[in-house]
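Each remark here refers to the structure printed beneath this line.
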Amino acid sequence: MKHAPAAAATQFGATPKRSLMGALGWAALALLLAWSWRGAEIKPGELIAHAGNMSIFARDFFPPDFRDWRIYVDEMLITLHIAVWGTALGVVCAIPCALLSASNLVPRWIYQPVRRVMDACRAINEMVFAMLFIVAVGLGPFAGVLALWIHTTGTLAKLYSEAVEAIDPRPVEGVRGTGAHVLEEILFGVIPQVLPLWISFSLYRFESNVRSASVVGMVGAGGIGVVLYEAIRSFQYAQTAAVLLILIVFVSVIDLLSARIRAVTI
Amino acid sequence: MSAHAAPPALQIRNLTKSFQAGRPVLNDINIVVKSGEMVALIGASGSGKSTLLRHIAGFLPADTGSILVFGRTTQADGRVAKNIRELRAEIGFVVQQFNLVSRLSVLTNVLTGLLFWVPLWRSLLGRFSHTERVAALNELAAVGILEQSNQRAGELSGGQQQRAALARTLVQRARIILADEPIASLDPESARHVMEMLAQMNHDRGLTILVSLHQIDFAIRYCPRAIALHDGRVVYDGPSRNLDVAALRAIYGNAATELLTPVRDASMPTTPVRQPIRAAHAAA
Numbered sequence: 001m002k003h004a005p006a007a008a009a010t011q012f013g014a015t016p017k018r019s020l021m022g023a024l025g026w027a028a029l030a031l032l033l034a035w036s037w038r039g040a041e042i043k044p045g046e047l048i049a050h051a052g053n054m055s056i057f058a059r060d061f062f063p064p065d066f067r068d069w070r071i072y073v074d075e076m077l078i079t080l081h082i083a084v085w086g087t088a089l090g091v092v093c094a095i096p097c098a099l100l101s102a103s104n105l106v107p108r109w110i111y112q113p114v115r116r117v118m119d120a121c122r123a124i125n126e127m128v129f130a131m132l133f134i135v136a137v138g139l140g141p142f143a144g145v146l147a148l149w150i151h152t153t154g155t156l157a158k159l160y161s162e163a164v165e166a167i168d169p170r171p172v173e174g175v176r177g178t179g180a181h182v183l184e185e186i187l188f189g190v191i192p193q194v195l196p197l198w199i200s201f202s203l204y205r206f207e208s209n210v211r212s213a214s215v216v217g218m219v220g221a222g223g224i225g226v227v228l229y230e231a232i233r234s235f236q237y238a239q240t241a242a243v244l245l246i247l248i249v250f251v252s253v254i255d256l257l258s259a260r261i262r263a264v265t266i
Numbered sequence: 001m002s003a004h005a006a007p008p009a010l011q012i013r014n015l016t017k018s019f020q021a022g023r024p025v026l027n028d029i030n031i032v033v034k035s036g037e038m039v040a041l042i043g044a045s046g047s048g049k050s051t052l053l054r055h056i057a058g059f060l061p062a063d064t065g066s067i068l069v070f071g072r073t074t075q076a077d078g079r080v081a082k083n084i085r086e087l088r089a090e091i092g093f094v095v096q097q098f099n100l101v102s103r104l105s106v107l108t109n110v111l112t113g114l115l116f117w118v119p120l121w122r123s124l125l126g127r128f129s130h131t132e133r134v135a136a137l138n139e140l141a142a143v144g145i146l147e148q149s150n151q152r153a154g155e156l157s158g159g160q161q162q163r164a165a166l167a168r169t170l171v172q173r174a175r176i177i178l179a180d181e182p183i184a185s186l187d188p189e190s191a192r193h194v195m196e197m198l199a200q201m202n203h204d205r206g207l208t209i210l211v212s213l214h215q216i217d218f219a220i221r222y223c224p225r226a227i228a229l230h231d232g233r234v235v236y237d238g239p240s241r242n243l244d245v246a247a248l249r250a251i252y253g254n255a256a257t258e259l260l261t262p263v264r265d266a267s268m269p270t271t272p273v274r275q276p277i278r279a280a281h282a283a284a
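Protein chains in written order, with the working numbering: chain A, 1 to 266; chain B, 1 to 284.
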């Protein structure tokens, strides 16, 4: 045979395909962006027109006012405590929920409902949960912990279960072959395979929870968010700048630390 | 034979299984293996060896037929026994890819052989007793990889991993070992070691061994009896030494080539032998 038949050449991509679907996809994306432009009221002109105001506003932030730095650091630590507990409770609850929403471990009639509940936990922003929990347990950090807990459970359960669904089934069968109980199969066959990923996801979630915890504070759920919100509302921009700088330093340090820990565990 | 004669290690009756309607992977299989036998299960790839072994351990339900291990039913008429965990504890299963948990230590992998025997609360806390650990270490010594017991299973060579898998079946106190192509991904030297270890387990501990192989030489060398599968049917059941080239050609036709790939001896210079597997195709 000297030449591949024309049909085979086409089938295996001798000539690149120009698909109609591809072109339609790009057109749809362009339409979506154009449509959202109006809804989002994007006005680049305003940025230029009010440049003067912006620079005056920006000048108010400097120099940052660190007179009350002790309060800021204390509140920042409370934010950190909220994130620690919100993440810890989330991890504990996410593990069983993840196993129950993994399609390779449980039948459809279990994983579908569990997944929908996790979707609900994840779909609602921490801030909204915080406002709801403030009604239940009053103003303060505990409402923040509860809000992060629910949201983190939903997010980690999804990430964890996706890791479980990607495992190699053969070692699990190896454990099953010994006459092991299904819980033993999970503990000895599944968990060791997903553990590095789970740790990585949990640390990443902790980082984002520190950021979220500073925001849930704004609705009254304790921590640095309360201070930040009050400073902005009372036009104390120099103090706002100081709070923001402390927030940035904390978040950066935690990001760096958790990156280190992740590198060690894998 | 007395009325109290021990039941055979394995009894398969009229076992049939199809994954697609009208295309049986296992077609009316009938096999009896006596306790203490070492039997080779021969067949080209796709002949149904793995599927058959997986049915014995109750990993797959058949369509019809039954399987008894030491007189106790593991599955009958498409239903896996309720007490399958108890029965699996008697069945040691090793496979081509070892099925060890690569991130766990070799010792922990071997300790999983005890999972049926250890109370659930204790195994879930990962608390194996001193005696249990010693037992596992003894079996690791027996298969010759005691030194590696604290390494991760994934760091071991293929041959060492297969030995760890064998140690697991020993710790498990299995009475029958099902080995699904245990040497197919090993170098000739390791392959021979693993086969010798299986023969030793059969000889010294009286374990019944059913080992699937696709190299007839190994079957003849280590297993007195061979059962040959072809397209899901038992096409030969008898002394393995009778399976010469002519017999295999009669059974498998051109597919016999796959079974006749010579076993390369470590002492001999290894000359790559390319068998014209698709000779029939090329000619057509």
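Here a beta-carbon is modelled for each residue, glycine too, at the ideal position from N, C-alpha and C. Computed from a predicted model, the values in this text were never measured in an experiment.
{"Query": "Can you give the beta carbon distance from G86 (chain A) to T152 (chain A), rounded, assuming they're within the 8 Å contact cut?", "Result": "6 Å"}
{"Query": "At a Cβ threshold of 8 Å, is V106 (chain A) touching chain B?", "Result": "no"}
{"Query": "Cα-Cα, which of B:N27, B:R241 and B:A89 is closest to S66 (chain B)?", "Result": "B:N27"}
{"Query": "Less than 6 Å between C-beta atoms, sequence neighbours within five positions excluded: which residues of the same chain meet that for Q200 (chain B)?", "Result": "none"}
{"Query": "8 Å is my cut-off, CB to CB: does G113 (chain B) come that close to chain A?", "Result": "yes"}
{"Query": "State yes or no: is the beta carbon of F100 (chain B) nearer than 8 Å to at least one beta carbon in chain A?", "Result": "The displayed chain sequence assigns Leu, not Phe, to residue 100 (chain B). Closer than 8 Å to some Cβ of chain A, the Cβ of L100 (chain B) qualifies, so yes."}
{"Query": "Per DSSP, what kind of secondary structure is F66 (chain A) in: helix, strand or coil?", "Result": "coil"}
{"Query": "Would you verify that the beta carbon of P192 (chain A) is, or is not, closer than 8 Å to some beta carbon of chain B?", "Result": "yes"}
{"Query": "Thinking just about the alpha-carbon of each residue, which of B:A256, B:P24, B:G46 and B:D237 is nearest to the one in A62 (chain B)?", "Result": "B:P24"}
{"Query": "With 8 Å set as the bound, which would you pick, yes or no: does the beta-carbon of F93 (chain B) sit closer than that to a beta-carbon of chain A?", "Result": "yes"}
{"Query": "Starting from the C-beta of N14 (chain B), find all residues in its chain whose C-beta is less than 7 Å away, skip the five residues before and the five after it, and write them out in chain order.", "Result": "D28, N30, T64 and G65"}
{"Query": "Check the DSSP bridge columns for A277 (chain A) and list the partner residues they point to.", "Result": "Because chain A here runs from 1 to 266, residue 277 (chain A) falls outside it and cannot be looked at."}
{"Query": "With 8 Å set as the bound, which would you pick, yes or no: does the beta-carbon of A9 (chain B) sit closer than that to a beta-carbon of chain A?", "Result": "no"}
{"Query": "Check G92 (chain B) in the structure and name its three-state DSSP category.", "Result": "strand"}
{"Query": "Could you tell me the alpha carbon to alpha carbon distance between V137 (chain A) and G223 (chain A), rounded to whole angstroms?", "Result": "16 Å"}
{"Query": "When we look at the beta-carbon of R176 (chain A) and count the other beta-carbons within 10 Å, is it buried (16 or more) or exposed?", "Result": "buried"}
{"Query": "For L124 (chain B), return the contacting residues in chain A, with the cut-off set at a CB-CB distance below 9 Å.", "Result": "H181, L183, E184 and L187"}
{"Query": "Does E155 (chain B) pass the burial test, meaning 16 or more other C-beta atoms within 10 Å, or should it be called exposed?", "Result": "exposed"}
{"Query": "Whose CA, out of A:M54, A:P63 and A:W35, lies closest to the CA of Q239 (chain A)?", "Result": "A:P63"}
{"Query": "List the residues that DSSP assigns as beta-bridge partners of Q75 (chain B).", "Result": "B:I67 and B:V80"}
{"Query": "If you compare alpha carbons, which of A:C93, A:V114, A:S234 and A:I150 is closest to A130 (chain A)?", "Result": "A:I150"}
{"Query": "What are the start and end residues of the beta strand (DSSP E) that includes V234 (chain B)?", "Result": "R233 to P239"}
{"Query": "Would you say F70 (chain B) reaches chain A, if we count a Cβ-Cβ gap shorter than 8 Å as a contact?", "Result": "no"}
{"Query": "Interface residues of chain B around A262 (chain A) at Cβ under 7 Å?", "Result": "Residue identity differs from the one stated: residue 262 (chain A) is Arg in this sequence, not Ala. Correct list: empty, because the minimum Cβ distance to chain B is about 16 Å."}
{"Query": "Which whole-angstrom value is the C-beta distance of A83 (chain A) and F206 (chain A), which I expect to be below 8 Å?", "Result": "6 Å"}
{"Query": "Can you tell me which of the three DSSP states V32 (chain B) falls into?", "Result": "strand"}
{"Query": "Name the chain B residues whose beta carbon is nearer than 7 Å to that of E267 (chain A)?", "Result": "In the structure displayed, chain A extends from 1 to 266; residue 267 (chain A) sits before or after that span and is not available."}
{"Query": "Does T178 (chain A) have its Cβ less than 8 Å from a Cβ in chain B?", "Result": "yes"}
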